[in-house]
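*Asks:* Mind having a look at this structure? Questions to follow.
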Amino acid sequence: MKKNLIEISKLSKKYKNGLIALNNIDLSIKKGEIFALLGPNGAGKSTLINILCGLSHHTSGEIIINNLDLVKNRKKIKSLIGLVPQELHLEAFETVFDNINYSRGLWGKKRDDKYILNLLKKLNLETKKNSLLMQLSGGMKRRVLIAKALSHNPEILFLDEPSAGVDIELRKEMWEVIYNLKKEGVTIILTTHYIEEAEEIADKVAFINNGKIILVEDKNILLKKLGDNKLVITFKNKIKKLPEYIKNYPCELSDDKKNVEILLSKEKTELSSILIDLKKDSNFLDFNLKKRSLESIFVDFIKRKNHD
Amino acid sequence: MINLLAIKAIYNHEMNRTKRTILQSIISPMLSTSLYFVIFGSAIGSRIKEIDGVTYGMFIVPGLLMLNLLTQSVSNGSFSTYFPKFNGTIFELQAAPISGVEMIIGFVGATATKSILLGLLIIVTASFFIDLNILHPLLMVFFLLMTAITFSLFGFVIGLWADNFEKLSLIPLIIITPLVFLGGSFYSINMLPEIWQKISLLNPVLYLVSGFKYSFYEISDVSIWTSIITILLILFILIVITLLIFKKGYNLRN
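For the protein sequence lines, the chains are A and B, in the order given.
Just so we're aligned: the first sequence equals residues 1 to 308 in my numbering.
Just so we're aligned: the second sequence equals residues 1 to 254 in my numbering.
Below you can see the structure in the form of structure tokens.
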């Protein structure tokens, strides 16, 4: 079993204005895993990342990274971490190569042109190495930020909304880069709005809302546990109200009043009786079985927690 | 352990910025200094009688040097610290394993280097207009170094404090420039009425200008030791303020 690289216990962050950004958070992240932090805007994702990267200080709680206490070993821990921020903050008048080298130097690593050139190649930036940063597109700038974060060979990489403002093609390229980093043993922690992204690349997911972690689970177990099937029934004509044989199940009528989605239980015991009744319904046209996405699980969770 | 490579990275990064903005950083102050020499040294200076035994053109050299050293150190120092905050790249300095002291050495070292280079260029420029004879070159170098370092650090503090461009230019404009002009850069305080002589003694820049003048021509408004203690005291106060700022994370961490 892999050991925990990051151990967070009872972590809280309270701002001077009284806002509680993080509330008693417990979390552990294993070495070499891709950990996705999901949550709506203002949930506390970036605050948590900023604290772990040493950009901000926490109010209470304990953070252990690589068996070191963050408060006592801030400098040592920082040297293990690479951070790709959400915003595209870069110098305008410096070249790509110089700027990445600058980052390497800041982390106390000797200049290594071969390593940087290789990194640029991996991120499809080699043709841009002498370009000024202000001449790059948003997607290219995002890649430069990743290159800067990787310039010192970090053991832990934080990606704060890496896909924000990035087209699908580049997003997939970035996923490839993240996969390869994982293969190299880098632990990756990312926050994302694109739940599809977490579903695609994460090993483990955590849902965060109002500064609290509301769920932490292995992605595949989560999908298996909560990704229960949905039965989608299509009717020939619009229906005014739900037929008797389905109205007691958790279901939703579509806007065009022709489709009904029924959330099935894990065992799907209700499926056979519904299908028997469907056969008798003259308005029945077709049915489909769908798997729930991580997105729908996430939305349900947030709704349920807000309701609670 | 000191992160020497990080200090070097910051230093080189800042020096590269100077190379990119050579017109603004070096040429522009050199040109304005040359104009001072042409106008006050030659044109008007030739009609002004000697002050403390030196021609007016010679007399203004230490003052001009101090004017440029102070204003350029403060403005370059404040800009280089404020700019990462303005463009958001400060996150990298905060995330990197660098201590406050290492950051200060990198930034202040680069700013002071620019100021020292500028100071030396001004001395070379001055030598084209006047017969320059520095009586105490080592003392002159001491004042040049200490003033450049001290006021680059002052600029660094202003850069940390400022949260907009107006604040950035406020201190150099309304404090530094008037203090230099009223600190005996272009006159001897002996030329002032007694009450203004006493008021002038409250101006710390007077002690620096006076020390510089002594190193050039052995003329001064105050004792050379007072000047040396003053510059060391200002440097000490600024170091304490900067370390306190880093300890509290003021304007650096939320």
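Ideal Cβ placement from N, Cα and C applies to all residues, glycine included.
The structure displayed is predicted, hence computed values, not measured ones.
Excluding the 5 residues flanking G108 (chain A) on each side, which residues of the same chain have their C-beta closer than 8 Å to its C-beta?
*Replies:* Looking up residue 108 (chain A) in the first sequence gives position 108. Excluding positions up to five away in sequence, the list reads S79 and H152.
*Asks:* Just the C-alpha distance for F107 (chain B) and T81 (chain B), rounded to the nearest angstrom, thanks.
*Replies:* For the purposes of this step, residue 107 (chain B) is taken as residue 107 along the second sequence, with counting starting at 1. For the purposes of this step, residue 81 (chain B) is taken as residue 81 along the second sequence, with counting starting at 1. If you take the alpha carbons of F107 (chain B) and T81 (chain B), they lie about 7 Å apart.
*Asks:* State buried or exposed for Y15 (chain A), treating a residue as buried only when at least 16 other CB atoms are found within 10 Å of its CB.
*Replies:* Here the question's residue 15 (chain A) lines up with position 15 in the first sequence. Classification for Y15 (chain A): exposed.
*Asks:* Got a sec: is the Cβ-Cβ distance from E161 (chain A) to anything in chain B below 8 Å?
*Replies:* Here residue 161 (chain A) is taken as the residue at index 161 of the first sequence, counted from 1. E161 (chain A) does not count as touching chain B.
*Asks:* Could you compute how far the alpha carbon of R253 (chain B) sits from the alpha carbon of H57 (chain A)?
*Replies:* By one-based count along the second sequence, residue 253 (chain B) stands at place 253. By one-based count along the first sequence, residue 57 (chain A) stands at place 57. Any reading at R253 (chain B) must be qualified, since the residue scores a pLDDT of 49, below 50, and its modelled position is unreliable; the value itself is stated next. Taking the straight line from one Cα to the other gives about 8 Å.
*Asks:* Taking just the CA atoms, how far does N190 (chain B) sit from S223 (chain B)?
*Replies:* Position 223 of the second sequence holds residue 223 (chain B). Position 190 of the second sequence holds residue 190 (chain B). A direct Cα-to-Cα measurement between S223 (chain B) and N190 (chain B) gives close to 14 Å.
*Asks:* Would you call the CB atoms of L179 (chain B) and N203 (chain B) closer than 8 Å?
*Replies:* Numbered from its first residue, the second sequence carries residue 179 (chain B) at position 179. Numbered from its first residue, the second sequence carries residue 203 (chain B) at position 203. Going by C-beta atoms, L179 (chain B) is nearer than 8 Å to N203 (chain B).
*Asks:* Within its chain, find whatever has a CB closer than 7 Å to the CB of N101 (chain A); leave out the 5 residues flanking it on each side and keep chain order.
*Replies:* If you number the first sequence from 1, residue 101 (chain A) lands on position 101. Once the five neighbours on either side are set aside, the close Cβ partners of N101 (chain A) are R111 and I116.
*Asks:* Buried or exposed for P62 (chain B), please, with buried defined as at least 16 other CB atoms from any protein chain shown within 10 angstroms of its CB.
*Replies:* Taking the first residue of the second sequence as 1, we reach residue 62 (chain B) at position 62. With 16 or more other Cβ atoms within 10 Å, it is buried.
*Asks:* Got a sec, what are the start and stop residues for the beta strand (DSSP E) K30 (chain A) sits in?
*Replies:* Residue 30 (chain A) sits at position 30 when you count from the first residue of the first sequence. Boundaries of the beta strand (DSSP E) harbouring K30 (chain A): I20 to K30, taken from the DSSP string.
*Asks:* Take G165 (chain A) and list the residues in its own chain whose beta-carbon comes closer than 7 Å to its own, dropping the five residues that flank it on each side.
*Replies:* For this step, residue 165 (chain A) is matched to residue 165 along the first sequence. Here the set comprises G138.
*Asks:* According to DSSP, is A36 (chain A) helix, strand or coil?
*Replies:* Position 36 of the first sequence, counting from 1, holds the residue named residue 36 (chain A). Here A36 (chain A) sits in strand by DSSP.
*Asks:* Checking contacts by CB at 8 Å: is G183 (chain B) closer than that to chain A?
*Replies:* Taking the second sequence and counting its residues from 1, one reaches residue 183 (chain B) at position 183. Chain A, which has no Cβ nearer than 8 Å to the Cβ of G183 (chain B), makes this no.
*Asks:* Counting only runs that start and end within the stretch 138-186 of chain B, where is the alpha helix (DSSP H) found for 4 or more residues in a row?
*Replies:* You should have 165-171 and 177-181.
*Asks:* So which residues of chain A does A96 (chain B) contact, with C-beta pairs closer than 7 Å?
*Replies:* In the second sequence, residue 96 (chain B) corresponds to position 96, counting from 1. Near A96 (chain B) (Cβ distances below 7 Å), the residues of chain A are K78, L106 and W107.
*Asks:* Hey, does L168 (chain B) have any beta-carbon neighbour from chain A nearer than 8 Å?
*Replies:* Start at 1 with the first residue of the second sequence, and residue 168 (chain B) comes out as number 168. So, not an interface residue.
*Asks:* Tell me the rounded alpha-carbon separation between M140 (chain A) and L123 (chain A).
*Replies:* Counted from its first residue, the first sequence places residue 140 (chain A) at position 140. Counted from its first residue, the first sequence places residue 123 (chain A) at position 123. So the two alpha carbons sit approximately 9 Å from each other.
*Asks:* Within the 8 Å Cβ cut-off, does Y245 (chain A) reach chain B?
*Replies:* On the first sequence, residue 245 (chain A) is found 245 positions in, with the first residue counted as 1. With 8 Å as the cut-off, Y245 (chain A) does not count as an interface residue toward chain B.
*Asks:* Count the other CB atoms, across all protein chains shown, that sit within 10 Å of the CB of V71 (chain A); report buried if there are 16 or more and exposed otherwise.
*Replies:* As a position in the first sequence, residue 71 (chain A) is number 71, starting the count at 1. Looking at its Cβ environment, which holds fewer than 16 other Cβ atoms inside 10 Å, V71 (chain A) is exposed.
*Asks:* For Y102 (chain A), decide whether its Cβ has a neighbour in chain B, counting only Cβ atoms nearer than 8 Å.
*Replies:* Along the first sequence, one-based indexing puts residue 102 (chain A) at 102. By this cut-off, Y102 (chain A) is an interface position.
*Asks:* Output the distance between the C-alpha atoms of L120 (chain B) and F35 (chain A), rounded to the nearest integer angstrom.
*Replies:* Looking up residue 120 (chain B) in the second sequence gives position 120. Looking up residue 35 (chain A) in the first sequence gives position 35. Using only the alpha carbons, I get a separation of about 56 Å.
*Asks:* For A206 (chain A), which residues does DSSP report across the bridge?
*Replies:* For the purposes of this step, residue 206 (chain A) is taken as the residue at position 206 of the first sequence. A206 (chain A) pairs with A:L37 and A:V216.
*Asks:* In this structure, how does DSSP classify G63 (chain B) when only helix, strand and coil are distinguished?
*Replies:* As a first step, residue 63 (chain B) must be located in the second sequence, where it is residue number 63. Helix, per DSSP.
*Asks:* Is there contact here, the stretch 227-237 of chain A with the stretch 251-260 of chain A, by at least three beta-carbon pairs under 8 Å?
*Replies:* In this structure the stretch 227-237 of chain A touches the stretch 251-260 of chain A; the number of beta carbon pairs closer than 8 Å is three or more.
*Asks:* Starting from G82 (chain A), trace the beta strand (DSSP E) in both directions and tell me its first and last residue.
*Replies:* Start at 1 with the first residue of the first sequence, and residue 82 (chain A) comes out as number 82. Taken as a continuous stretch (DSSP letters only), the beta strand (DSSP E) holding G82 (chain A) covers I81 to V84.
*Asks:* Within 8 Å of any Cβ in chain B, is that where the Cβ of P85 (chain A) sits?
*Replies:* In the first sequence, the residue the question calls residue 85 (chain A) occupies position 85. By this cut-off, P85 (chain A) is an interface position.
*Asks:* At a cut of 8 Å, does the stretch 4-15 of chain A reach the stretch 60-67 of chain A through at least three beta carbon pairs?
*Replies:* yes
*Asks:* Is any beta-carbon of chain C found at less than 8 Å from that of L119 (chain A)?
*Replies:* Given the protein chain composition of this structure (A and B), no chain C is represented.
*Asks:* Tell me the rounded alpha-carbon separation between A9 (chain B) and Q94 (chain B).
*Replies:* Along the second sequence, one-based indexing puts residue 9 (chain B) at 9. Along the second sequence, one-based indexing puts residue 94 (chain B) at 94. So the alpha carbons of these two residues sit roughly 15 Å apart.
*Asks:* Return the CA-CA distance between K279 (chain A) and L223 (chain A), expressed in angstroms with no decimal places.
*Replies:* In the first sequence, residue 279 (chain A) corresponds to position 279, counting from 1. In the first sequence, residue 223 (chain A) corresponds to position 223, counting from 1. About 31 Å.
*Asks:* Measuring straight from C-alpha to C-alpha, what distance separates E87 (chain A) and E197 (chain A)?
*Replies:* Numbered from its first residue, the first sequence carries residue 87 (chain A) at position 87. Numbered from its first residue, the first sequence carries residue 197 (chain A) at position 197. Going from the Cα of E87 (chain A) to the Cα of E197 (chain A) covers about 18 Å.
*Asks:* Could you check what DSSP says for E62 (chain A) in three-state terms: helix, strand or coil?
*Replies:* If you number the first sequence from 1, residue 62 (chain A) lands on position 62. Three-state result, E62 (chain A): strand.
*Asks:* If you measure between the beta carbons of G54 (chain B) and I176 (chain B), is that distance less than 8 Å?
*Replies:* Residue 54 (chain B) sits at position 54 when you count from the first residue of the second sequence. Residue 176 (chain B) sits at position 176 when you count from the first residue of the second sequence. The identity of residue 54 (chain B) in the sequence shown is Val, whereas the question assumes Gly. Taking 8 Å as the Cβ cut-off, V54 (chain B) and I176 (chain B) do not qualify as a contacting pair.
*Asks:* List, from N- to C-terminal side, the alpha helix (DSSP H) runs of 4 residues or more that fit wholly inside the stretch 88-117 of chain B.
*Replies:* 90-95
*Asks:* Tell whether a beta-carbon distance below 8 Å holds between D160 (chain A) and P40 (chain A).
*Replies:* Numbered from 1 along the first sequence, position 160 holds the residue referred to as residue 160 (chain A). Numbered from 1 along the first sequence, position 40 holds the residue referred to as residue 40 (chain A). Not a contact, by the Cβ cut-off of 8 Å.
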